[in-house]
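Novice: What the sequence shown shows, in the UniProt record's numbering, is residues 1 to 307, in sequence order.
Just so it is clear, CB atoms sit at the ideal spot from N, CA and C, and this is done for glycine as well.
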Amino acid sequence: MGSAMEPPGGGYLHLGAVTSPVGTARLLQLAFGCTTFSLVAHRGGFAGVQGTFCMAAWGFCFAISGLVVACEFTRLHGCLRLSWGNFTAAFAMLATLLTATAAVIYPLYFTRLQCPPEPAGCTARDFRLAASVFAGLLFLAYATEVALTRARPGQVASYMATVSGLLKIVQAFVACVIFGALVYDSRYGRYVATQWCVAVYSLCFLATVAVVALSVMGYTSGLGCPFDRLVVVYTFVAMLLYLSAAVIWPVFCFDPKYGEPWRPADCPWGRCPWDSQLVVAIFTYVNLLLYAVDLAYSQRVRFVPAL
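#1: What ranges does the alpha helix (DSSP H) occupy inside the UniProt domain "MARVEL" (17-154), keeping only unbroken runs of at least 4 residues that lie completely in it?
#2: Kindly indicate the opening and closing residues of the alpha helix (DSSP H) around Asp275.
#3: Just checking my contact of Ala181 with Phe252 at CB under 8 Å: how many whole Å lie between their CB atoms?
#4: Using only alpha-carbon positions, find the residue among Phe205, Gly16, Leu129 and Leu167 that is nearest to Leu94.
#5: Does DSSP classify Pro256 as helix, strand or coil?
#6: Measuring only the C-alpha atoms, how far is Gln114 from Val22?
#7: Quick one: measure Cβ to Cβ for Ala103 and Gly136, integer angstroms, because I've assumed they're closer than 8 Å.
#8: Is Met239 helix, strand or coil by DSSP?
#9: Of all the options Ser221, Ala175 and Val133, which has the alpha carbon lying nearest to the alpha carbon of Ile105?
#10: So for Pro250, helix, strand or coil by DSSP?
#11: Expressed to the nearest angstrom, what Euclidean distance is found between the alpha-carbon atoms of Ile178 and Ala56?
#12: What does the alpha-carbon distance come out to for the pair Thr19 and Val231?
#13: Decide if Cys122 is buried, meaning its Cβ has at least 16 other Cβ atoms within 10 Å, or exposed.
#14: Counting along the chain, where does the alpha helix (DSSP H) carrying Ala265 start and finish?
#15: Taking one C-beta from the region 75-82 and one from the region 28-46 each time, how about it: are there three or more such pairs within less than 8 Å?
#16: Mark residue 320 as exposed unless 16 or more other C-beta atoms lie within 10 angstroms of its C-beta, in which case mark it buried.
#17: Buried or exposed: which applies to Leu203, given that a residue is buried once 16 or more other Cβ atoms fall within 10 Å of its Cβ?
#18: State the CB to CB distance for the pair Phe127 and Ala100, rounded to an integer number of angstroms; the pair is presumed to be in contact (CB under 8 Å).
#19: Please name the residue, chosen from Gln277, Ala281, Leu288 and Gly218, that lies closest to Val170 on a Cα-to-Cα basis.
#20: Given Arg81, which residues of its chain have a CB within under 8 Å of its CB, disregarding the five upstream and five downstream residues?
#21: Let me know the secondary structure DSSP gives Ser244 once reduced to three states.
#22: Among the candidates Phe227, Ser186 and Cys176, whose CA atom is the shortest distance from the CA of Glu260?
#23: Does the separation of the CB atoms of Val68 and Phe91 fall below 8 Å?
#24: Determine the DSSP secondary structure at Thr208, reduced to helix, strand or coil.
#25: Is the distance from the Cβ of Cys224 to the Cβ of Ser158 below 8 Å?
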């Protein structure tokens, strides 16, 4: 005879949260994440904006992954006022992008085969090499979760688990890269045309974040119009806006009449406005492609807002 305190849905603890393939991937994320930033903090070392970004990315992903595992294991996610399926899918995609970036940046800036000068010495080199390996494993663990939870063709799933939903996270991430290049002496204020491009990046970024936030909070059914139709219209408009920026930005930055077609010889490496303008141009085309692919998928997406 069951106890009167036993919840109607079974035991309080959900073992499947840690024994399923997705649960195993999340446990590996915790193990690899903890190992990575512990190696760096103990003897590997980090410095500057690049090292701070890597440590912040690993710490953030570890904290949220721990929260996800704890909530699913104790079934507390049912008490939260959000769409849990959308939240976990969005976070897994964001964490994949963050850890992929950190896995590239940390070895590039801090890892060398030669031993650094004392007092760090070869011990610091070994810790940095080990941290780089675990950073790559951490990225693979998050990418595995995305692959396991992504909605398959014909499957009814939460919006953020669909290709269109995952692309929203990538679009917002790419926009953040563009903003980083813009504020790093890109001289976008010289022309009204380049200011228009900045307005396009900002407007599309805010709208994309709003779509993600509405999905995660579970408010998509209260908009007064079908959410999937709204997403298609917004994606089409965003693609047109990015198309205009993809034409305007290169003209006003690299055409001889307005800017520099080639990198100036006297421009210092790492502090050259031309480099920032090139980064913005490249990622403008990346996001244009992402919005075009998103438009193709969002027209046939099927999802359940409450999942």
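Specialist: Concretely, from the data shown:
#1: When DSSP assignments are scanned along the UniProt domain "MARVEL" (17-154), the uninterrupted stretches of alpha helix (DSSP H) that are 4 or more residues long and fall wholly within it turn out to be 21-39, 48-74, 84-110 and 121-149.
#2: For this step, residue 275 is matched to residue 275 along the sequence shown. First-last of the alpha helix (DSSP H) with Asp275: Pro273 to Ser298.
#3: Here the question's residue 181 lines up with position 181 in the sequence shown. Here the question's residue 252 lines up with position 252 in the sequence shown. Contact between Ala181 and Phe252 is absent: CB atoms are separated by about 15 Å, not below the 8 Å threshold.
#4: Here the question's residue 94 lines up with position 94 in the sequence shown. Ranking Phe205, Gly16, Leu129 and Leu167 by Cα distance to Leu94 puts Leu167 first.
#5: Here residue 256 refers to the residue found at position 256 of the sequence shown. For Pro256, the secondary structure class from DSSP, reduced to helix, strand or coil, is coil.
#6: Here residue 114 refers to the residue found at position 114 when the sequence shown is read from its first residue. Here residue 22 refers to the residue found at position 22 when the sequence shown is read from its first residue. One C-alpha to the other measures close to 39 Å.
#7: Against the sequence shown, residue 103 aligns to sequence position 103. Against the sequence shown, residue 136 aligns to sequence position 136. Contact between Ala103 and Gly136 is confirmed by a C-beta separation of about 5 Å, below the 8 Å threshold.
#8: The residue you call residue 239 lines up with position 239 of the sequence shown. If DSSP states are grouped into helix, strand and coil, Met239 belongs with the helices.
#9: Locating residue 105 in the sequence shown gives position 105, where the first residue counts as 1. When each option's Cα is compared against that of Ile105, the closest is Val133.
#10: For this step, residue 250 is matched to residue 250 along the sequence shown. Annotated three-state conformation of Pro250 is helix, per DSSP.
#11: Counting from one through the sequence shown, the residue named residue 178 turns up at place 178. Counting from one through the sequence shown, the residue named residue 56 turns up at place 56. Their backbone Cα atoms lie some 20 Å apart in a straight line.
#12: Locating residue 19 in the sequence shown gives position 19, counting from the first residue. Locating residue 231 in the sequence shown gives position 231, counting from the first residue. Cα to Cα, Thr19 sits roughly 35 Å from Val231.
#13: Against the sequence shown, residue 122 aligns to sequence position 122. Exposed is the call here.
#14: Position 265 of the sequence shown holds residue 265. Unbroken run through Ala265: none, as it is neither H nor E.
#15: A contact between stretches requires three or more CB pairs, one per stretch, nearer than 8 Å, and the region 75-82 fails this requirement with the region 28-46.
#16: The chain is shown only over 1 to 307; residue 320 falls outside these bounds and no answer can be derived.
#17: As a first step, residue 203 must be located in the sequence shown, where it is residue number 203. Exposed is the label assigned to Leu203, since fewer than 16 other Cβ atoms lie within 10 Å of its Cβ.
#18: As a first step, residue 127 must be located in the sequence shown, where it is residue number 127. As a first step, residue 100 must be located in the sequence shown, where it is residue number 100. Going by Cβ atoms, the distance from Phe127 to Ala100 rounds to 21 Å, so no, they are not a contact pair.
#19: The residue you call residue 170 lines up with position 170 of the sequence shown. That would be Leu288, whose Cα lies nearest to the Cα of Val170.
#20: Residue numbering aside, residue 81 sits at position 81 when the sequence shown is read from its first letter. Excluding residues up to 5 positions away in sequence, Met217 and Gly218 lie with their Cβ nearer than 8 Å to the Cβ of Arg81 in the same chain.
#21: Counting from 1 along the sequence shown, the entry for residue 244 is found at position 244. Three-state result, Ser244: helix.
#22: Along the sequence shown, read from residue 1 onward, the residue named residue 260 stands at position 260. Taking only the C-alpha atoms, the option nearest Glu260 is Ser186.
#23: For this step, residue 68 is matched to residue 68 along the sequence shown. For this step, residue 91 is matched to residue 91 along the sequence shown. For Val68 and Phe91, yes; Cβs fall inside 8 Å.
#24: Translated into the one-based positions of the sequence shown, residue 208 becomes position 208. Helix, per DSSP.
#25: Here residue 224 is taken as the residue at index 224 of the sequence shown, counted from 1. Here residue 158 is taken as the residue at index 158 of the sequence shown, counted from 1. It is Gly, not Cys, that sits at residue 224 in the sequence shown. Against a cut-off of 8 Å, the Cβ pair of Ser158 and Gly224 comes out as no contact.
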